[in-house]
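Going by UniProt numbering, 55 is the number at position 55 of the sequence shown; the sequence numbering is gapless.
Note that beta-carbon positions come from the ideal geometry of N, C-alpha and C, so glycine has one too.
Computed from a prediction, not measured in an experiment: that's the story for all the values here.
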Amino acid sequence: MIGACLCWGLVFVIPNLFPDFSPFEIMLGRCFFYGMLSIGILLSLKRDLIFSLNRRIWIAGAILALVGSLIHYCSLVLSMRYVNSTIPTLLLGLTPVCMILIDIRKTKTKKLRDFFVPCTLILVGFIFVNIPTLAWDTNVSIENYAWGFFWSLVALATWICFIAGSANFLKSTSSLKASDWITVLGVATFLWTVLLCTSSLFFVNTSINHYFIMSNGFLLATALLGVCSSWLGYYMWNQATLRLPLSLAGQLSVLEIVFGLSFIHLANWKFPENIEILGIMTILSGIVLNLFMFQESAYQS
């Protein structure tokens, strides 16, 4: 789980390194390399999957790939372009609360009050982390703030749908391996990417040469996103959710943002302020408390 969050943390820093590229281009670059890797794995190691998997699995893969790989990441990058990373970070900090609510509704054996203290610590920690950047930026209009908030909500909603939907689908399909499921998602992502690139040639003022003159640095960065943040990150997440309750996995997923903030500070050669360090420690204390609670309940049962 920690490995998945480490890989996902890259999605917060790489878009800031390439401000000249649009969110659409960054999303397509990530999805292209994720899809190419998956197709390579499919053709070289898993050819039997093409015909052995039923239509239900391919349809689910296509839907979740569209939601998680394309809409979510494009929304996240858009939100960071309209405002800084503060608003999307704060809203994505609600991920553990949403995952707990989903797990409570699904299992009906847990109560929200059991998670009140760790969730509160995590949310307070996110507020502390973002205090240095919460001040109103006079260079950003109210309209941009509104759009940034909107796209952050879209990013949160699609992220919850993707990680919860992917974990539940994998658990409900016992014959499907985690590596095979990630390959299916990657192939579906590639097909969506090809469709979007082709459509952009007709509906957007874009030349086909535009996709072949991108800088080596940009291609390398999006390849890193496709391989690490997509294939490897999704694989480790699914492996973790097969072994952990969704509520626990959801709370551990906040480490994605902790790693993301760390990468941003590292890229800027900037040491975190004291209030940010306090926020990170508060988040980690909430996670540790939840781990102890989970271990105690497992021991009692």
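LEU28 and ALA267 have their C-alpha atoms spaced approximately 23 Å apart. Under the three-state reduction of DSSP output, SER22 falls in the coil class, being neither helix nor strand.
PRO88 and GLY148 have their C-alpha atoms spaced approximately 8 Å apart. Minimum Cα-Cα distance from GLU256 among the listed residues ILE163, TRP181, SER141 corresponds to ILE163.
Of the residues assessed, ASP20 falls on the exposed side of the cut-off, its CB having fewer than 16 other CB atoms within 10 angstroms. In the same chain as LEU78, and ignoring 5 residues on each side of it, the C-beta atoms closer than 6 Å to its own belong to PRO23, TRP151, in chain order. Taking C-alpha positions only, ILE131 is separated from VAL117 by approximately 21 Å.
Secondary structure at ASP48: coil, using DSSP grouped into helix, strand and coil. Non-local C-beta neighbours of ILE264 in its own chain, meaning closer than 8 Å and more than five positions away in sequence, comprise PHE12, VAL13, ASN16, SER85, ordered along the chain. Per DSSP, LEU176 is not a residue of any alpha helix (DSSP H), being assigned neither H nor E. As the crow flies, the alpha-carbon of ILE160 is around 21 Å from that of ARG113. For the pair of segments examined, the region 161-181 was found to touch the region 55-71: the number of CB pairs separated by less than 8 Å reaches three.
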